[in-house]
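Residue numbers (the working numbering), protein chains in the order written: chain H, 1 to 395; chain U, 1001 to 1395.
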């Protein structure tokens, strides 16, 4: 693949409308219901298809869904739960960082009586993490950091050499049982196990006087997966524009540059795209809220947000990208209130499309589209090809 | 995959209309010709597609066709010819059984002058097998059993320890040549080879006075393939309802329970489905005769049988399955009078379908359907997903 790449000046935009695909309610999906004149006009000049991120019937999480769109095999590049949680909080990890999901819990007489410490508030969580950070800064040669999340969830980062993932999770998975110890599950994990045992002991001392959150459980030990750098793999100077930390995190994990600011609206993200247009060759532009509406089961809001994106599309088109893809990491039908296994609508605009005149952009037109149903992992091939970056294979 | 499975109460039905797909005669296929209001209405609420059991252009036998639908790779799980023949006769094999296809033959002066003993009648065959069973009951520590088939074909089961498949077939493949001896093709097959040499010798003695069938040839030595148990793999309590022994045999080979009775009509099979509805989670319901009509080149009868199934479909729908798939192990176009390589129509009904209103259920609508053309091996993924038995992959 690398050998076929031909550098040029053509600019590529990959828009990810998170959770775009849906299911019919009263006979029509969210996309079918939405009034989208701009998307429909673009669809008429584009190749359409449906993407499968992992496999038939498999519902992708955001990690696997995005990795596939970026050309990685989501069954091979695994983002551990600790790392994902850390990325979601916007934390910076390097190859020597072990990320762990922590749960505050209530411990009495050798047993966990509440695995969520009665679902303490996020405010309480902040206070507890500050207290822990204050008391525990290092163990042996490792730096220890606590980051509050939502309710009882927090993240621990351990920075140091030779840290390993193969450690027993301590969560007993049921209230009323004793917690496990973070035992080493491989010979090389012994050092990490020792550090974690000390961490739990010290943590319990620090939290001793707390009524509910007097203990914590550890899960999802993970380090950054080793992945080929996206920019080198495709020889594309690349920028990620995303409002939510997790998506920035995934982009940064594969070596994309990310924009280090917060966005309060989709318009601000598009403005950022404009500002950076001259300086990069590939842009990943992520819009989150359509997925959230789907997760909330809010069909109308999902329709509204699709229409909102449609109204902003002309701004994006003005920028004159050679290739624009509008894709999704997974479907999130309001009917299911969750991610789903249904293939995701995909549109690829370029002047080299086998286009078909004006057409409604929706699941059905994509299904009948010129690209058919295909693996999301092939999207990068297409973006390179349509931007004329791929030489002929063989003579 | 196993890690993603989420148990629930939703019931799944996989109907296999054997040999359903066809080819046009006077412009229309069997399915296109048939009047199928019930299937058409269901198709309008379903996902449609075409399945490929083995590969593009490959015509599947019933074994590979079914294994693929059940989620096995038909290129890896091989059902040997002897085993398939034995399953077709409804015989019970265990892991210590070696199954062999026998042909009665005519032997003169060291040569096989008729490899089919002049195609003796099935009646003659029964008499000969009885005679052999009477005379040869064991060889060394192995039990020997002869089972008559059609015309000159029969099955030998050898039950005993350490029997092996790697044995030379004795059929010279051409009349006028001497038979081969069942030589061991591997070191560990020596014991089996010895037993088979004795078997041929004793057999020839028993048949000495027969005019035509005075010898037999041995082919297709095989034992049950080692396969992962279907019910464990998918965590589904499963029942197979099939009238023909071979299909019961394939289902039982992968660990499904089967109904131990004979069925005289499709109605009886559907009644059995009703009776067992409460007790299982997954049902495989097989209807054979559509394939037989195709094999006979009887286009009209195939149409008639498709219409007959259509008229019975409402009975099945009353049962309120969460997911119903109507599938086929392979196409059997009347035009070809045989199985064919053409992809098979596939319908998947659930309330989570991207449905499309009333549509004729046929090869063309399936080809344009939301599932596209896909590997039959993915069918089980879909059945699990649509019955909401699969958790999200990754976060």
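Glycine included, C-beta positions come from ideal geometry on N, C-alpha and C.
How is residue i classed by DSSP in three states: helix, strand or coil?
{"i": "residue 143 (chain H)", "result": "strand"}
{"i": "residue 127 (chain H)", "result": "helix"}
{"i": "residue 66 (chain H)", "result": "helix"}
{"i": "residue 158 (chain H)", "result": "strand"}
{"i": "residue 1180 (chain U)", "result": "coil"}
{"i": "residue 1036 (chain U)", "result": "coil"}
{"i": "residue 1059 (chain U)", "result": "coil"}
{"i": "residue 54 (chain H)", "result": "coil"}
{"i": "residue 1227 (chain U)", "result": "coil"}
{"i": "residue 277 (chain H)", "result": "helix"}
{"i": "residue 323 (chain H)", "result": "strand"}
{"i": "residue 103 (chain H)", "result": "strand"}
{"i": "residue 1108 (chain U)", "result": "strand"}
{"i": "residue 1309 (chain U)", "result": "helix"}
{"i": "residue 1257 (chain U)", "result": "strand"}
{"i": "residue 17 (chain H)", "result": "strand"}
{"i": "residue 1379 (chain U)", "result": "helix"}
{"i": "residue 1211 (chain U)", "result": "coil"}
{"i": "residue 1166 (chain U)", "result": "coil"}
{"i": "residue 358 (chain H)", "result": "coil"}
Is the beta carbon of residue i sitting closer than 8 Å to the one on residue j?
{"i": "residue 1355 (chain U)", "j": "residue 1062 (chain U)", "result": "no"}
{"i": "residue 157 (chain H)", "j": "residue 59 (chain H)", "result": "no"}
{"i": "residue 241 (chain H)", "j": "residue 272 (chain H)", "result": "yes"}
{"i": "residue 119 (chain H)", "j": "residue 152 (chain H)", "result": "yes"}
{"i": "residue 1389 (chain U)", "j": "residue 1079 (chain U)", "result": "no"}
{"i": "residue 1195 (chain U)", "j": "residue 1142 (chain U)", "result": "yes"}
{"i": "residue 1102 (chain U)", "j": "residue 1217 (chain U)", "result": "yes"}
{"i": "residue 300 (chain H)", "j": "residue 31 (chain H)", "result": "no"}
{"i": "residue 221 (chain H)", "j": "residue 100 (chain H)", "result": "yes"}
{"i": "residue 29 (chain H)", "j": "residue 19 (chain H)", "result": "no"}
{"i": "residue 1193 (chain U)", "j": "residue 1204 (chain U)", "result": "no"}
{"i": "residue 112 (chain H)", "j": "residue 172 (chain H)", "result": "yes"}
{"i": "residue 223 (chain H)", "j": "residue 83 (chain H)", "result": "yes"}
{"i": "residue 87 (chain H)", "j": "residue 250 (chain H)", "result": "yes"}
{"i": "residue 276 (chain H)", "j": "residue 239 (chain H)", "result": "yes"}
{"i": "residue 51 (chain H)", "j": "residue 346 (chain H)", "result": "yes"}
{"i": "residue 263 (chain H)", "j": "residue 257 (chain H)", "result": "no"}
{"i": "residue 1371 (chain U)", "j": "residue 1048 (chain U)", "result": "yes"}
Quick one: using the 10 Å Cβ neighbour count with 16 as the cut-off for buried, is residue i buried or exposed?
{"i": "residue 314 (chain H)", "result": "exposed"}
{"i": "residue 1296 (chain U)", "result": "exposed"}
{"i": "residue 92 (chain H)", "result": "exposed"}
{"i": "residue 115 (chain H)", "result": "buried"}
{"i": "residue 1281 (chain U)", "result": "buried"}
{"i": "residue 178 (chain H)", "result": "exposed"}
{"i": "residue 212 (chain H)", "result": "buried"}
{"i": "residue 1 (chain H)", "result": "exposed"}
{"i": "residue 1351 (chain U)", "result": "exposed"}
{"i": "residue 34 (chain H)", "result": "buried"}
{"i": "residue 1265 (chain U)", "result": "exposed"}
{"i": "residue 1007 (chain U)", "result": "exposed"}
{"i": "residue 393 (chain H)", "result": "exposed"}
{"i": "residue 186 (chain H)", "result": "exposed"}
{"i": "residue 367 (chain H)", "result": "buried"}
Which chain C residues are close to residue i, counting only those with a beta carbon under 8 Å from its beta carbon?
{"i": "residue 1044 (chain U)", "result": "Note that chain C does not occur in the displayed structure, where the protein chains are H and U."}
Next on the checklist: By the 8 Å beta-carbon criterion, what residues does the segment 364–391 of chain H contribute toward chain U?
Outcome noted: 364, 367, 368, 372 and 373
Checklist entry - Is there contact between the segment 103–110 of chain H and the segment 321–336 of chain H, where contact requires at least three CB pairs shorter than 8 Å? => result no
Next on the checklist: Any contact between the segment 1069–1087 of chain U and the segment 1369–1387 of chain U? By contact I mean 3 or more CB pairs, one from each, below 8 Å.
Outcome noted: yes
Next on the checklist: Three Cβ pairs or more, each shorter than 8 Å: is that satisfied between the segment 8–18 of chain H and the segment 284–302 of chain H?
Outcome noted: yes
Checklist entry - Taking any Cβ of chain H, which residues in the segment 1330–1353 of chain U have a Cβ under 7 Å from it, in chain order? => result 1352
Checklist entry - Quick one, which residues of the segment 47–58 of chain H are near chain U if we go by CB-CB under 9 Å, in chain order? => result 50, 53, 54, 55, 56, 57 and 58
Item to check | Contact set between the segment 1273–1291 of chain U and chain H, restricted to residues whose Cβ is under 8 Å from the partner | outcome: Cβ contacts with chain H: none found.
Item to check | Interface positions of the segment 76–87 of chain H facing chain U (Cβ-Cβ less than 9 Å), listed along the chain | outcome: 78, 79, 81, 84 and 85
Item to check | Residues, ordered as in the chain, of the segment 17–29 of chain H that lie near chain U by beta-carbon distance below 9 Å | outcome: 21, 22, 23, 24, 27 and 29
Checklist entry - Just by C-beta distance, which residues in the segment 61–77 of chain H are closer than 9 Å to chain U? => result 61, 62, 63, 64, 65, 67, 74 and 75
Item to check | Contacting positions in the segment 1230–1244 of chain U - beta carbon closer than 9 Å to chain H | outcome: none
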